[in-house]
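As structure tokens, the structure follows; a few thoughts come after it.
There are 2 protein chains.
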Amino acid sequence: MKIPYKIYLNEEEMPKQYYNVRADMKKKPAPLLNPGTLQPMTAAELEQVFCKELVQQELDDTTPYIDIPAEILSFYKMYRPSPLVRAYELEKKLGTPAHIYYKFEGNNTSGSHKLNSAIAQAYYAKKQGLKGLTTETGAGQWGTALSMACAYLDIPLHVFMVKCSYEQKPFRREVMRTYGAQVTPSPSATTEVGKRILANDPDCTGSLGCAISEAVECAVTNEGYRYVLGSVLNQVLLHQSVIGLETKTAMDKYGIKPDIIIGCAGGGSNLGGLISPFMGAQLRGEAQYQFIAVEPASCPSFTRGKYAYDFCDTGMVCPLAKMYTLGSSFIPSANHAGGLRYHGMSPTLSELYDQGLMEARAVEQTSVFEAAEYFAKIEGILPAPESSHAIRVALDEAIKCRETGEQKTILFGLTGTGYFDMIAYQRYNDGEMRDYIPTDEDIAASLSKLPKV
Amino acid sequence: MKIPYKIYLNEEEMPKQYYNVRADMKKKPAPLLNPGTLQPMTAAELEQVFCKELVQQELDDTTPYIDIPAEILSFYKMYRPSPLVRAYELEKKLGTPAHIYYKFEGNNTSGSHKLNSAIAQAYYAKKQGLKGLTTETGAGQWGTALSMACAYLDIPLHVFMVKCSYEQKPFRREVMRTYGAQVTPSPSATTEVGKRILANDPDCTGSLGCAISEAVECAVTNEGYRYVLGSVLNQVLLHQSVIGLETKTAMDKYGIKPDIIIGCAGGGSNLGGLISPFMGAQLRGEAQYQFIAVEPASCPSFTRGKYAYDFCDTGMVCPLAKMYTLGSSFIPSANHAGGLRYHGMSPTLSELYDQGLMEARAVEQTSVFEAAEYFAKIEGILPAPESSHAIRVALDEAIKCRETGEQKTILFGLTGTGYFDMIAYQRYNDGEMRDYIPTDEDIAASLSKLPKV
């Protein structure tokens with residue numbers, strides 16, 4: 001059967017349920033802990049910060065399929081299904097016998113897969129009758145996505161945006177404003193935790209960890225507000241499973257079985273969403289795949305971090321999560337472009353990685369932009385720097401196939417577009433981009449501050 | 454039959470031939486004239502500026518269907534078919550009985566429909582063995598599109614970018630550079646015509662007309678180079694007919710017949726492409742439609758211009774075209790956001806308009822941005838300012854239907870996304886956007902300089 005350049009599912013084929021990979025894991029991810037008592041967080045405790053129904057999803061590690069509400073399905077139909085693309089032109093140019101596929105999540109105004117979870121979280125907040133939401137954003141993809149979802153459902157939103165991104169990406173801020181969100185650069189003087197961080201380091205360029213602390217404080221100190229998060233959490237991976245479900249349905253329809261599945265990993269939302277249904281099949285003994293997480297060498301939580309309980313945020317106001325972490329005080333170099341700046345990693349992916357079910361690779365940003373530009377010229381899509389981490393490894397694997405003659409099927413997640421990352425591209429075009437790799441001492445220093453659990 | 458939110462044709466259903474609406478016109482568009490002799494331009498004369506095969510397409514007003522070469526079809530498969538979207542959410546929010554559809558051309562890195570003609574023109578240049586191409590770009594969509602096409606086919610490209618856009622849209626410039634193009638702000642001191650314009654007005658913020666003159670001069674003074682244009686010409690409308698052909702196939706498949714077809718009009722590439730197959734059906738007596746061209750009140754060639762022979766460029770180095778024009782010396786206010794800044798209009802569309810086969814409306818930019826923001830919040834897509842002209846009139850027509858109770862089917866062209874137009878959105882968000890309407894004296898002054906033909 002001839003595989004088209006792009007496979008679009010029709011509406012009937014689109015997933016009607018989220019898939020919860022934890023249900024198929026024998027050893028479950030470790031629970032979130034209350035930082036005061038060091039006991040597992042109860043639903044009641046979590047509901048002070050998060051929406052009620054999202055807390056249920058967060059804690060549920062036994063139900064494999066969870067219905068997607070009709071309102072969310074309607075919203076999905078506006079920008080989904082996303083295409084599964086056969087990269088014929090790339091294969092030709094590389095001269096590789098490998099078959100390359102990518103699931104492209106960038107064809108929406110937020111520019112990434114983040115919208116999949118944003119609309120779900122906004123929907124449950126609306127259903128609960130909340131007055132408003134707070135969140136953080138790094139590169140701005142999540143903030144944009146949540147602004148769109150909140151505008152659609154008419155919910156006020158306050159976004160804390162990592163300061164270096166806020167300055168590098170003024171246009172992202174304008175998109176959020178166009179969708180009606182209030183945007184504050186983080187660390188800011190609008191929260192107690194922000195003031196503390198600025199008192200220690202007035203020039204702090206921010207981190208996701210800082211911004212999370214501020215957004216959480218803002219939520220718990222404003223009546224009727226809750227905090228929502230775009231990555232890391234189990235609930236987010238659950239919503240993002242639509243990526244993998246669509247991909248698997250499309251591949252099954254054409255009788256394609258990927259040998260290697262590659263995704264970039266910051267907090268794990270895209271990677272977790274893409275691999276979940278495939279990992280589920282593997283956990284149930286139905287198939288075998290090679291899973292590769294790709295992270296920046298400047299923020300290498302899988303490859304150089306520790307699997308331990310840590311704070312999710314710099315301000316240490318959030319629950320503790322057991323995850324691969326560089327320590328919550330770790331802040332990647334400001335010269336690191338784009339997202340994937342988080343010190344930790346999804347607890348679910350961390351557990352899968354710890355069980356040896358997944359590999360991880362760290363790549364340097366100049367080689368990532370080289371891959372991005374190569375890909376853009378051949379496949380036409382200017383990729384997000386985040387997504388380009390996955391492109392880098394997909395190219396590496398396709399080139400290996402050229403050398404060995406193996407006809408492997410490679411699937412990667414192209415999470416988004418780089419249209420708001422042109423300052424980083426400009427630095428690359430001008431030959432001004434450098435690599436930055438933290439020293440062992442840098443990492444040891446932040447790991448030494450891990451909480452004692 | 455239930456109409457899905459988005460209709461995607463499969464590869465077999467995609468058009469394999471361009472449609473040439475001139476073949477079905479009894480009275481043809483007037484020929485281009487040699488500005489020296491005032492005689493119709495011959496193929497030999499045109500080939501000094503344009504590629505050979507494109508000249509044939511320019512002059513051919515009798516062949517209805519022209520095969521799309523296989524290489525172009527392959528490229529199209531990377532980003533086409535574009536979705537035909539049923540705006541269910543918009544209809545619901547408006548409370549209108551009208552059915553609203555839009556053909557969305559923004560899901561590619563150039564952000565607009567311009568890529569459809571860019572790849573065709575680059576392909577014919579490559580086939581002819583040319584050394585390189587020159588072009589102009591206003592808002593930057595065409596320049597980006599041509600950069601992508603030239604990168605794919607490995608052809609050097611020099612882009613003259615209207616200076617006010619070059620300054621307002623530095624990121625567009627970086628996208629072009631990422632795709633390997635050389636970008637010069639226009640008017641520039643790199644050409645004779647640019648020097649003349651700057652001598653008259655050193656603060657000139659540029660216009661498409663100026664940039665065309667510079668690009669043409671650069672092409673004819675560089676051995677093996679040719680000039681390509683993203684709008685106005687018959688060949689461009691021919692390539693853009695893929696928009697209308699896909700739309701008509703998708704609508705026919707579901708038994709939908711549009712009553713009103715709306716497109717924004719600058720030089721006419723999108724509008725001409727969208728309406729061509731429908732206009733053809735009407736010219737052949739097979740159906741009736743209401744066609745509406747929407748132009749900015751700040752550059753109103755259809756509604757306030759004159760149908761006359763005029764220069765296509767400010768420097769008066771190009772052939773004369775018979776078209777609706779404000780005069781080639783007309784330069785819209787620099788506070789006008791985005792594209793649709795051209796003083797003239799496609800000769801084909803001008804002839805159709807003159808024959809009463811099409812209506813035109815001029816809209817002011819604050820009402821255009823109001824429509825854009827409304828649309829973005831409901832349909833999720835942040836539209837280009839250009840496309841938002843069509844949205845404005847589509848909303849107006851849908852609201853009329855609400856008042857009259859008529860269940861009309863409205864189709865409009867959503868030509869692109871506004872991701873590189875955030876400065877204009879910011880002005881709108883900050884309440885700093887103003888309308889600008891040229892006075893009768895402004896227009897009379899530039900029309901008084903029309904050539905005597």
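Protein chains in written order, with our numbering: chain H, 1 to 453; chain C, 454 to 906. Note that the Cβ used here is the ideal one computed from N, Cα and C, for glycine as well.
Report task. Using beta-carbon positions only, say whether C/Gly907 and C/Pro838 come within less than 9 Å of one another. Result -> Residue numbering for chain C in the displayed model covers 454 to 906; residue 907 of chain C lies beyond these limits and cannot be assessed.
Query - Cβ shell of H/Ser446 (< 7 Å), same chain only, five flanking positions each side left out - result: On the first sequence, residue 446 of chain H is found 446 positions in, with the first residue counted as 1. The beta carbon of H/Ser446 lies closer than 7 Å to those of Leu326, Gly327, Ser329, Phe330 in the same chain, with the five residues before and after it left out.
Query raised in the report: Short check: CB of H/Tyr76 to CB of H/Val242, under 9 Å?
Result: The residue given as residue 76 of chain H occupies position 76 in the first sequence. The residue given as residue 242 of chain H occupies position 242 in the first sequence. Cβ atoms of H/Tyr76 and H/Val242: closer than 9 Å.
Query - Beta-carbon proximity list for C/Gly758, same chain, < 6 Å, skipping 5 on both sides - result: Counting from one through the second sequence, the residue named residue 758 of chain C turns up at place 305. Closer than 6 Å at the Cβ level, and outside the excluded window around C/Gly758, lie Tyr777, Thr778, Leu779.
Requested in this report: Measure the alpha-carbon distance for C/Gln510 versus C/Ala672 and round it to whole angstroms.
Outcome: Here residue 510 of chain C refers to the residue found at position 57 when the second sequence is read from its first residue. Here residue 672 of chain C refers to the residue found at position 219 when the second sequence is read from its first residue. Cα to Cα, the separation comes out at about 20 Å.
Requested in this report: Using alpha carbons as the reference points, say which of H/Leu414, H/Phe369, H/His99, H/Gln121 lies closest to H/Pro258.
Outcome: One-based indexing of the first sequence puts residue 258 of chain H at position 258. Answer by Cα proximity: H/His99.
Query raised in the report: Going by beta carbon distance, what residues of the same chain come within less than 7 Å of C/Thr549, once the five residues before and after it are set aside?
Result: Here the question's residue 549 of chain C lines up with position 96 in the second sequence. Excluding the 5 residues flanking it on each side, C/Thr549 has same chain C-beta neighbours closer than 7 Å at Ala851, Ile852, Cys854, Arg855, in chain order.
Requested in this report: Give me the Cα-Cα distance between C/Ile713 and C/Met798, rounded to the nearest whole angstrom.
Outcome: For the purposes of this step, residue 713 of chain C is taken as the residue at position 260 of the second sequence. For the purposes of this step, residue 798 of chain C is taken as the residue at position 345 of the second sequence. When only Cα atoms are considered, C/Ile713 and C/Met798 end up about 21 Å apart.
Query raised in the report: Near C/Thr515, which residues of its chain fall below 7 Å by C-beta distance, leaving aside the five closest residues on each side in sequence?
Result: Here residue 515 of chain C is taken as the residue at index 62 of the second sequence, counted from 1. Within the same chain, C/Thr515 has close Cβ partners Ala476.
Requested in this report: Please confirm if C/Ala523 has its CB atom under 9 Å from at least one CB of chain H.
Outcome: In the second sequence, the residue the question calls residue 523 of chain C occupies position 70. No, C/Ala523 lies away from the interface with chain H (no Cβ there is under 9 Å from its Cβ).
Report task. Please report how far the alpha carbon of H/Gln141 lies from the alpha carbon of C/Pro730, in whole angstroms. Result -> Along the first sequence, one-based indexing puts residue 141 of chain H at 141. Along the second sequence, one-based indexing puts residue 730 of chain C at 277. Approximately 39 Å between the Cα atoms of the pair.
Query raised in the report: Cβ of H/Ala151 less than 9 Å from any chain C Cβ?
Result: In the first sequence, residue 151 of chain H corresponds to position 151, counting from 1. Chain C, which has a Cβ nearer than 9 Å to the Cβ of H/Ala151, makes this yes.
Requested in this report: Below 6 Å CB to CB, which residues in the same chain sit around H/Ile378 once its five sequence neighbours on both sides are set aside?
Outcome: As a position in the first sequence, residue 378 of chain H is number 378, starting the count at 1. Only Glu89, Leu90, Lys93 meet the Cβ criterion.
Report task. Output, in chain order, the set of chain H residues within a Cβ distance shorter than 7 Å of C/Arg630. Result -> As a first step, residue 630 of chain C must be located in the second sequence, where it is residue number 177. Among the residues of chain H, those whose CB is under 7 Å from the CB of C/Arg630 are Asn429, following chain order.
Requested in this report: List the whole-angstrom C-beta distance separating H/Phe302 from H/Ala308, where the pair is believed to meet the contact cut-off of C-beta under 8 Å.
Outcome: Walking along the first sequence from the start, residue 302 of chain H turns up at place 302. Walking along the first sequence from the start, residue 308 of chain H turns up at place 308. H/Phe302 to H/Ala308, Cβ: 13 Å. No contact.
**Report entry** Which of helix, strand or coil DSSP assigns to C/Leu900
**Finding:** Mapped onto the second sequence, residue 900 of chain C falls at position 447. Reduced to three states, the DSSP call for C/Leu900 is helix.
Query - Residues near C/Leu462 by beta carbon distance below 7 Å, same chain, minus five either side - result: For the purposes of this step, residue 462 of chain C is identified with residue 9 of the second sequence, where counting begins at 1. For C/Leu462, where only same-chain residues beyond five positions count, the Cβ hits under 7 Å are Pro534, Glu699, Thr702, Ala703.
Requested in this report: Please compile the residues from chain H whose C-beta is within a distance smaller than 7 Å of the C-beta of C/Gln879.
Outcome: As a position in the second sequence, residue 879 of chain C is number 426, starting the count at 1. Going along chain H in sequence order, the residues near C/Gln879 (Cβ under 7 Å) are Glu174.
**Report entry** chain H residues whose Cβ lies nearer than 8 Å to that of C/Asn561
**Finding:** Your numbering for residue 561 of chain C matches position 108 in the second sequence. Chain order gives the chain H residues near C/Asn561 as Gly380, Ile381, where near means a beta carbon separation below 8 Å.
Requested in this report: Using a threshold of 9 Å, state whether the C-beta atoms of H/Val183 and H/Val216 are closer than that.
Outcome: Locating residue 183 of chain H in the first sequence gives position 183, counting from the first residue. Locating residue 216 of chain H in the first sequence gives position 216, counting from the first residue. In this structure, the beta-carbon distance from H/Val183 to H/Val216 does not fall below 9 Å.
Report task. Compare the C-alpha of C/Thr870 against each of C/Gln492, C/Phe822, C/Tyr619, C/Ser641 and name the closest. Result -> As a working mapping, residue 870 of chain C is identified with position 417 in the second sequence. Selected option, being the one with the closest Cα: C/Phe822.
Query - Endpoints, the beta strand (DSSP E) within which C/Pro730 is located - result: The residue given as residue 730 of chain C occupies position 277 in the second sequence. No beta strand (DSSP E) holds C/Pro730; the alpha helix (DSSP H) holding it covers 722 to 736.
Requested in this report: Taking C/Lys530 as the query, report the chain H residues whose CB atoms sit under 7 Å from its CB, ordered along the chain.
Outcome: Here residue 530 of chain C is taken as the residue at index 77 of the second sequence, counted from 1. One finds Tyr5 in chain H with Cβ atoms closer than 7 Å to the Cβ of C/Lys530, taken in chain order.
Query raised in the report: In chain order, what residues of the same chain have a beta carbon less than 7 Å from the beta carbon of C/Gly725, not counting five sequence neighbours either side?
Result: If you number the second sequence from 1, residue 725 of chain C lands on position 272. If we look at C/Gly725 and ignore the five residues flanking it on each side, its Cβ neighbours are Leu690, Gln693, Ser799, Thr801, Leu802.
Query raised in the report: Which residues share a DSSP beta bridge with C/His611?
Result: Taking the first residue of the second sequence as position 1, residue 611 of chain C is located at position 158. Note: C/His611 is bridge-paired with C/Thr587, C/Gln635 in the DSSP secondary-structure output.
**Report entry** Cross-chain neighbours of C/Tyr619 in chain H, by beta carbon under 9 Å
**Finding:** Against the second sequence, residue 619 of chain C aligns to sequence position 166. Correct list: empty, because the minimum Cβ distance to chain H is about 14 Å.
**Report entry** Under the three-state DSSP convention, the category H/Ala308 falls into
**Finding:** In the first sequence, the residue the question calls residue 308 of chain H occupies position 308. Note: H/Ala308 maps to strand in three-state DSSP.
Query raised in the report: What residue does the alpha helix (DSSP H) around C/Gln574 start on, and which one ends it?
Result: Here residue 574 of chain C refers to the residue found at position 121 of the second sequence. Bounds of the alpha helix (DSSP H) holding C/Gln574 are 568 to 580.
Query raised in the report: If we count Cβ pairs, one from each stretch, closer than 8 Å, do we get three or more for the segment 10 to 17 of chain H versus the segment 40 to 57 of chain H?
Result: Fewer than three pairs of CB atoms, one per stretch, sit closer than 8 Å, so the segment 10 to 17 of chain H makes no contact with the segment 40 to 57 of chain H.
Query raised in the report: How would you write the range of the alpha helix (DSSP H) that C/Pro838 sits in, first residue to last?
Result: If you number the second sequence from 1, residue 838 of chain C lands on position 385. Segment 838 to 857, the alpha helix (DSSP H) holding C/Pro838.
Query raised in the report: When the Cα atoms are used, what is the spatial distance from C/Arg737 to C/Glu859?
Result: Position 284 of the second sequence, counting from 1, holds the residue named residue 737 of chain C. Position 406 of the second sequence, counting from 1, holds the residue named residue 859 of chain C. Cα-Cα distance, rounded: 27 Å.
Query raised in the report: Counting contacts by CB-CB distance shorter than 9 Å, is H/Thr417 in contact with chain C?
Result: By 1-based counting over the first sequence, the position of residue 417 of chain H is 417. Cβ-Cβ to chain C under 9 Å: yes for H/Thr417.
Query raised in the report: Are the segment 172 to 191 of chain H and the segment 127 to 143 of chain H touching by the rule of at least three beta carbon pairs closer than 8 Å?
Result: Using a Cβ-Cβ distance cut-off of 8 Å, the segment 172 to 191 of chain H and the segment 127 to 143 of chain H are in contact, since at least three pairs of beta carbons, one from each stretch, lie closer than that value.
Query raised in the report: In this structure, does DSSP put H/Thr303 in helix, strand or coil?
Result: Along the first sequence, read from residue 1 onward, the residue named residue 303 of chain H stands at position 303. In the structure shown, H/Thr303 adopts helical secondary structure according to DSSP, grouped into three states.
Report task. Would you verify that the beta carbon of H/Ala376 is, or is not, closer than 9 Å to some beta carbon of chain C? Result -> As a first step, residue 376 of chain H must be located in the first sequence, where it is residue number 376. Judged by the 9 Å Cβ criterion, H/Ala376 is in contact with chain C.
Query raised in the report: Of the choices H/Ser231, H/Pro83, H/Met78, H/Asp154, whose alpha-carbon is the least far from that of H/Thr135?
Result: The residue given as residue 135 of chain H occupies position 135 in the first sequence. Closest option to H/Thr135, Cα to Cα, is H/Ser231.
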